[in-house]
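Each remark here refers to the structure printed beneath this line.
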Amino acid sequence: MEPLIKITSKIAALPLDNIDTDQIIPARFLKVTDKKGLGNHLFADWRYDKAGNPQSDFLLNKPEIIGLKILFAGQNFGCGSSREHAPWALTDFGFQVIIAESFGDIFRNNALKNGLLPVQVDPEVHNRIKNCLNQNPSAEWTIDLEKQVLIFPDQSSIQFHVDSFSKSCLINGVDELGYLLTFLDKIIEYESQKQK
Amino acid sequence: MTNDSKKQTLFEKIWNDHLVNASDGSNQSQVPDILYIDLHLIHEVTSPQAFSGLRDRGLVVRRPDRTVATVDHAIPTRSSKNGRLEFADALCRKQIAQLEDNARQFGIKAFGHEDHQNGIVHVVGPELGFTHPGMTIVCGDSHTSTHGAFGALAFGIGTSEVEHVLATQCLLQYKPRTFEVRIEGKRNPGVTAKDIILSLMNRIGVNGGTGYVIEYRGSVIRDLSMEERMTICNMSIEAGARAGMIAPDETTFSYLAGKPYTPKGEQWEKAMQNWRNLSSDDGAVFDRSVTVDISDLEPMITFGTNPGMGIPVTGRIPDPDDSVDINQKNALKKSLEYMGLNAGEKISGHPIDAVFIGSCTNGRISDLRAAASILRNRKIADGVRVLVVPGSQQVKREAEAEGLDQVFINAGAEWREPGCSMCIAMNGDQIETGQYAVSTSNRNFEGRQGKGGRTFLASPLTAAASAIAGCVTDVRMYMEA
Ligand code: SF4
Numbered sequence: 001m002e003p004l005i006k007i008t009s010k011i012a013a014l015p016l017d018n019i020d021t022d023q024i025i026p027a028r029f030l031k032v033t034d035k036k037g038l039g040n041h042l043f044a045d046w047r048y049d050k051a052g053n054p055q056s057d058f059l060l061n062k063p064e065i066i067g068l069k070i071l072f073a074g075q076n077f078g079c080g081s082s083r084e085h086a087p088w089a090l091t092d093f094g095f096q097v098i099i100a101e102s103f104g105d106i107f108r109n110n111a112l113k114n115g116l117l118p119v120q121v122d123p124e125v126h127n128r129i130k131n132c133l134n135q136n137p138s139a140e141w142t143i144d145l146e147k148q149v150l151i152f153p154d155q156s157s158i159q160f161h162v163d164s165f166s167k168s169c170l171i172n173g174v175d176e177l178g179y180l181l182t183f184l185d186k187i188i189e190y191e192s193q194k195q196k
Numbered sequence: 001m002t003n004d005s006k007k008q009t010l011f012e013k014i015w016n017d018h019l020v021n022a023s024d025g026s027n028q029s030q031v032p033d034i035l036y037i038d039l040h041l042i043h044e045v046t047s048p049q050a051f052s053g054l055r056d057r058g059l060v061v062r063r064p065d066r067t068v069a070t071v072d073h074a075i076p077t078r079s080s081k082n083g084r085l086e087f088a089d090a091l092c093r094k095q096i097a098q099l100e101d102n103a104r105q106f107g108i109k110a111f112g113h114e115d116h117q118n119g120i121v122h123v124v125g126p127e128l129g130f131t132h133p134g135m136t137i138v139c140g141d142s143h144t145s146t147h148g149a150f151g152a153l154a155f156g157i158g159t160s161e162v163e164h165v166l167a168t169q170c171l172l173q174y175k176p177r178t179f180e181v182r183i184e185g186k187r188n189p190g191v192t193a194k195d196i197i198l199s200l201m202n203r204i205g206v207n208g209g210t211g212y213v214i215e216y217r218g219s220v221i222r223d224l225s226m227e228e229r230m231t232i233c234n235m236s237i238e239a240g241a242r243a244g245m246i247a248p249d250e251t252t253f254s255y256l257a258g259k260p261y262t263p264k265g266e267q268w269e270k271a272m273q274n275w276r277n278l279s280s281d282d283g284a285v286f287d288r289s290v291t292v293d294i295s296d297l298e299p300m301i302t303f304g305t306n307p308g309m310g311i312p313v314t315g316r317i318p319d320p321d322d323s324v325d326i327n328q329k330n331a332l333k334k335s336l337e338y339m340g341l342n343a344g345e346k347i348s349g350h351p352i353d354a355v356f357i358g359s360c361t362n363g364r365i366s367d368l369r370a371a372a373s374i375l376r377n378r379k380i381a382d383g384v385r386v387l388v389v390p391g392s393q394q395v396k397r398e399a400e401a402e403g404l405d406q407v408f409i410n411a412g413a414e415w416r417e418p419g420c421s422m423c424i425a426m427n428g429d430q431i432e433t434g435q436y437a438v439s440t441s442n443r444n445f446e447g448r449q450g451k452g453g454r455t456f457l458a459s460p461l462t463a464a465a466s467a468i469a470g471c472v473t474d475v476r477m478y479m480e481a
């Protein structure tokens, strides 16, 4: 996992509510047995028409999307299916941060385990961001994970929450299994107690 | 720290009993708890990368005896001429073969594609008696909440977490909040567990349960059969809830008694003693509570692209312009556009192309019986394709022993092998772009049943009635008074 510390990028705006993981990566692309290449199918049903041609008006097909690291969505992003293919597809495409009003629980967990930072903002801030994006879609934004701030193009900033555990995993690029394995003794102790 | 003197909810009892390492116990805690997992169910779609991860680190499956695998999502439900299953493509075949290989290599019990006990993971777990009250159960599948019907804490996880559980039998978890949903009142004819849960989704919304574990309580819940309870708990995730659960009672115990993997003899007695303590203490406090009276409830159906967008089958499509909230208005507009529906139009009478009866929500024997009760001695409307897909091999055998397969075939439906099938459209079973299906599954997301396909979620009764009429139909027209 790549460490994620500070990111500066323009924002890709997809301000819809309830974007479910079936939209992020439709089920027919889940037949893979590894993680790579899923970015090609990110939002496939919105991105390509029936014949498989790119829908030119969809965000991900616009030339200016290339290299963007921040995706902006509405409420309840990533609801629905537990497929971790959703964050795999998002990160494979190049996103490292999702800003939304709220997230599906399982998606949030999955994202944090894959170097993808979910930034939850309240409705007021969400509106402010939306307005800024309307006025100047090509401005640069910064996410400073160390300080837990989202910096607007005008350099004003707001704090966001991330639990300190996930934060340190993200900043150090460390994964959770390593941490869990250090508790093996306790796990064994728990099991032997339960046996009694 | 857990506060033992405190009155506890069912959820808290199970959570506290499975803490290997507790953080400071507050909801806002910055370090997750370590939770022990009693039962880990796996299937072909969300496990391959987890096994690769184990191999990369040189780890083994810590408790293969607590791990059970079955194949369901990619498995075909149609047999070819030689009687073998006809895989949709090489990828499906490979995914299934890989699960079977992984299970063999790591010593995990697996119900592979030719096993006579395979089926949808959330149907197989309970029917074979793997699912017990008081357990923590996880699976790389959001509808793991189904198992909560037995008074277990059961929830879906991602593939990284599948790897965590394989390696350590534990998970890092923040403690969710508790949400009491009381269902009271009298159930009207034609109203099933599916209608109850669809109306609840409509009421609390698709993120109304986010961050919570729901405990379903109240007189209506107590009167439900085990299979109906599973239908309710199954859809908890559609409200965003981490899990749904129902305290075990005599209904639960008599369902479990004598199942292949439930404890026997003295062990059974001991287990029952423990299970009887599994209910929320009187006076235990929930973070949120809702009471719903279902006395006026009618059969429900969804019209939109999330499970919260439901209306009574006698109702009309809502008008986006009636929503005050701009986001809601836009979401509704977008949904109606996708669905090709007009505001104000009656939903009943809307023509359909397909009906799917099956899935982990409504693919059990009682669901098939319900559908058959409507289809018996009737014919499916011309031009409507009906797939009846049992939830497991066992359900299929039971249905065939009762002659239900013949009822379906005589009516003009396709009687299939078990699997997820048209619930997720991964195995080749799907509807075409622009088509409408009444489906007994749990998700009506865009393209869920095939790219461009449009889904109306409903109960097996409503699905069967709609199959006969060729359009969305109120099942009560086909029920004896
Ligand atoms: S039947 Fe549908 S919802 Fe249930 S496990 Fe299969 S794909 Fe998931």
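Top to bottom, those sequences are chains A and B.
Under my numbering, the first sequence has 9 at position 9, and the numbering climbs by one with no breaks.
Under my numbering, the second sequence has 403 at position 403, and the numbering climbs by one with no breaks.
By construction, the Cβ of each residue, glycine as well, lies at the ideal position given by its N, Cα and C atoms.
Legend entry - Contact test: C420(B) Cβ vs the ligand SF4 heavy atom, cutoff 7 Å: yes
Legend entry - Rounded C-alpha distance that separates V181(B) from I157(B): 23 Å
Legend entry - Coarse secondary structure for G511(B), derived from DSSP in three states: The displayed coordinates of chain B run from 1 to 481. Any statement about residue 511(B) would go beyond what the structure contains.
Legend entry - N27(B) - DSSP class collapsed to helix/strand/coil: Caution applies to N27(B), whose pLDDT of 49 falls short of 50 and renders its modelled position unreliable; the model cannot decide the point.
Inset, instruction - Within its chain, find whatever has a CB closer than 7 Å to the CB of M226(B); leave out the 5 residues flanking it on each side and keep chain order. - result: A149, T251, T252 and Y255
Inset, instruction - Whole angstroms is fine: what's the gap from D185(A)'s alpha carbon to N109(A)'s? - result: 25 Å
Legend entry - Within 8 Å, strictly: CB atoms of C139(B) and I42(B): If you check the CB distance, C139(B) and I42(B) come in under 8 Å.
Legend entry - Closest Cα partner of G211(B) within the set L198(B), C233(B), R217(B) and P176(B): P176(B)
Inset, instruction - Below 8 Å CB to CB, which residues in the same chain sit around G104(A) once its five sequence neighbours on both sides are set aside? - result: When the five nearest sequence neighbours on each side are left out, the beta carbons in the same chain lying within less than 8 Å of the beta carbon of G104(A) are those of D20, T21, N76, F77, G78, C79 and G80, in order along the chain.
Legend entry - Nearest residue (CA-CA) to G65(B), options Q449(B), Y261(B), G450(B) and S23(B): In the sequence as displayed, the identity of residue 65(B) is Asp instead of Gly. The candidate whose alpha carbon is nearest that of D65(B) is Y261(B).
Inset, instruction - Consider the Cβ of P54(A): report whether some Cβ of chain B lies at a distance smaller than 8 Å. - result: So, not an interface residue.
Legend entry - First and last residue of the uninterrupted beta strand (DSSP E) at V138(B): Element bounds for V138(B): T136 to C139.
Inset, instruction - Name, in chain order, the residues that DSSP records as bridge partners for L19(B). - result: L19(B) is bridged to L35(B).
Inset, instruction - State the Cα-Cα distance for the pair K186(B) and D474(B), rounded to the nearest angstrom. - result: Their Cα atoms are separated by approximately 19 Å.
Inset, instruction - State the start and end residues of the unbroken alpha helix (DSSP H) segment that holds G178(A). - result: E176 to L181 is the span of the alpha helix (DSSP H), which, as asked, contains G178(A).
Inset, instruction - Could you name the residues of the same chain whose beta carbon sits closer than 7 Å to that of S142(B), not counting the 5 residues immediately before and after it, in chain order? - result: Annotation for S142(B): G156 and I237 place their beta carbon closer than 7 Å to its own, counting only its chain and skipping 5 residues before and after.
Inset, instruction - Could you spell out the range, first to last residue, of the alpha helix (DSSP H) harbouring G125(B)? - result: V121 to E127
Legend entry - At least three beta-carbon pairs within less than 8 Å, the stretch 435-454 of chain B to the stretch 388-406 of chain B: no
Inset, instruction - Evaluate contact between the stretch 114-126 of chain B and the stretch 407-422 of chain B, counting only Cβ atoms and requiring at least three cross-stretch pairs below 8 Å. - result: With a cut-off of 8 Å, the stretch 407-422 of chain B and the stretch 114-126 of chain B count as touching, because enough Cβ pairs lie within range.
Legend entry - Coil, strand or helix - T2(B) by DSSP: Summary for T2(B): the model assigns pLDDT 47, below 50, so the residue's position carries little reliability; its value from the coordinates is reported in the next sentence. T2(B) falls in the coil class under three-state DSSP.
Inset, instruction - Using 10 angstroms around the beta-carbon of E44(B), count the other beta-carbons present and answer buried if the total reaches 16, otherwise exposed. - result: buried
Legend entry - Member of Q173(B), I431(B) and R93(B) whose CA lies at the smallest distance from the CA of L35(B): Residue nearest to L35(B) within the set Q173(B), I431(B) and R93(B) is Q173(B) (criterion: CA-CA distance).
Inset, instruction - My understanding is that L54(B) touches A152(B), with C-beta atoms under 8 Å, so please give their C-beta distance in whole angstroms. - result: At roughly 25 Å, the Cβ-Cβ gap does not stay under 8 Å, so L54(B) and A152(B) are not in contact.
Inset, instruction - Could you run through the stretch 21-39 of chain A and flag, in chain order, every residue whose CB is less than 8 Å away from some CB of chain B? - result: D22, Q23, P26, A27, R28, L30, K31, V32, T33, D34 and K35
Inset, instruction - Tell whether a beta-carbon distance below 8 Å holds between K69(A) and S138(A). - result: no
Legend entry - Interface partners of C79(A) on chain B, CB under 7 Å: V206, N207 and G240
Inset, instruction - Indicate whether at least one CB of chain B lies closer than 8 Å to the CB of G173(A). - result: No, because no Cβ of chain B sits closer than 8 Å to the Cβ of G173(A).
Legend entry - Any non-hydrogen atom of the ligand SF4 within 7 Å of D503(B) CB: The question about residue 503(B) has no answer here: the residues shown for chain B are numbered 1 through 481.
Inset, instruction - Spell out whether any CB of chain A is found under 8 Å from the CB atom of N27(B). - result: With a pLDDT of 49 at N27(B), under the threshold of 50, the modelled position of that residue is not reliable, and the figure given next carries that caveat. With a threshold of 8 Å between beta carbons, N27(B) makes no contact with chain A.
Legend entry - Start and end residues, beta strand (DSSP E) containing E215(B): Counting along the chain, the beta strand (DSSP E) containing E215(B) begins and ends at Y212 to R217.
Inset, instruction - Taking only the alpha-carbon atoms, compute the straight-line gap between A69(B) and P351(B) and give it to the nearest angstrom. - result: A direct Cα-to-Cα measurement between A69(B) and P351(B) gives close to 39 Å.
Inset, instruction - Check the C-beta distance from S199(B) over to L297(B) and give it rounded, since I have them as a contact under 8 Å. - result: Rounded to whole angstroms, the Cβ separation of S199(B) and L297(B) is 6 Å, and the two are in contact under 8 Å.
Legend entry - Runs of beta strand (DSSP E) lying entirely within the stretch 286-315 of chain B, each at least 3 residues, in chain order: 288-293, 300-302 and 310-312
Inset, instruction - Counting only the same chain and skipping the five closest in sequence on each side, list residues whose C-beta sits under 6 Å from that of R242(B). - result: F155, P176 and V213
Legend entry - Beta carbon of A247(B) nearer than 8 Å to that of H132(B): no
Inset, instruction - Compute every distance between the C-beta of C170(B) and the non-hydrogen atoms of the ligand SF4, then say whether any falls below 7 Å. - result: no
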